[in-house]
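In the numbering used here, the protein residues as written are 1093 to 1303. For each residue, glycine too, the CB sits at the ideal point set by N, CA and C.
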Amino acid sequence: MAIIFYDFPMAPSPRRARILLAEKGIPHEVVIVDLASGEQRGPAFTAINPRQTVPVLALEDGTMLTDNAGIAAWAEAAFPNPSLMGSTPVEKAMIASWNARIEGEGFLAIAEAMRNSAPGMKGRALTGPVDYEQIPELAERGRARFAAFIDMLDARLGESRHVAGEHFSLADITAVVAVDFARVIRVKPVETHANIARWRAEMAQRPSMAV
Ligand SMILES: N[C@@H](CCC(=O)N[C@@H](CS)C(=O)NCC(=O)O)C(=O)O
């Protein structure tokens, strides 16, 4: 039985896992879950992931990895080369720290801004089986948080070649997806922040970034 990757090409979270799988060269089959038509909320996919989100990676032994955190931890342990989560104790710590920060301050800020304002997300301000109403103030706060995040990331990339240090890592993958995802709130950091533009152009050289 092959490893199966449950994906949706337009969505940012599965893109993170897609890039990771490509960087590590992990063979897998792809099943598209159509988020546009709500397939993630139907009984078939809910049986696979009760949280009703992608990405999911179904391993050969039947284990379901139902988020990026689990997929990255498994991939790094099962396919250690190339290492994307650090080799030394300090590298591992820096990458974990930057990855969490990009998720919390970057990714979630965009999601907060988008899901609390888009008409199509009415009643769906959070992912998952429970419906939550939009809170317009959270959309506003998300935009402000993302602006502060981008200034911080640009300053960081002014002092460091990659997000978490000298080497390419999982933190760069998360940051690329967050920076690109900002288009949904009509923000283009590569046009306003020179260090992000330099780093994003370098990232574009990696074939994985096109998947
Ligand atoms: N923490 C999860 C988040 C996954 C997530 O939010 N995925 C979104 C797509 S980007 C989703 O499945 N949304 C379904 C929905 O909106 O109902 C991860 O990174 O693995």
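(message) What would DSSP say about G1220, mapped onto helix, strand or coil?
(response) coil
(message) Below 6 angstroms, is the gap between the Cβ of N1287 and the nearest heavy atom of ligand 1?
(response) no
(message) A1263 and I1187 - do their beta-carbons sit closer together than 7 angstroms?
(response) yes
(request) Spell out a yes or no on whether the segment 1241 to 1254 and the segment 1193 to 1202 are touching, meaning 3 or more CB-CB pairs, one atom from each, closer than 8 angstroms. (result) yes
(message) What I want to know is whether the C-beta of L1151 ends up closer than 6 angstroms to one or more non-hydrogen atoms of ligand 1.
(response) no
(message) For A1114, which residues in the same chain have their Cβ closer than 6 angstroms to its Cβ, ignoring the five residues on either side in sequence?
(response) S1300, V1303
(message) Using the Cβ count rule (16 or more neighbours within 10 Å means buried), how would you classify R1278?
(response) exposed
(request) In angstroms with no decimal places, state the Cα-to-Cα distance between A1185 and G1178. (result) 8 angstroms
(request) Put F1096 into one of helix, strand or coil per three-state DSSP. (result) A small correction: the amino acid at residue 1096 is Ile; Phe does not occupy that position in the sequence shown. Reduced to three states, the DSSP call for I1096 is strand.
(request) Determine, using beta carbons only, whether L1157 comes closer than 7 angstroms to chain C. (result) Among the protein chains of the structure shown there is no chain C, as only one such chain exists.
(message) Considering only DSSP beta bridges, list what M1156 is partnered with.
(response) A1150
(request) Compare the C-alpha of V1122 against each of R1107, P1135, A1128, G1134 and name the closest. (result) R1107
(request) Return yes when the Cβ of P1221 is within less than 7 angstroms of the Cβ of Q1144, no when it is not. (result) yes
(request) Return yes when the Cβ of I1111 is within less than 7 angstroms of the Cβ of I1227, no when it is not. (result) no
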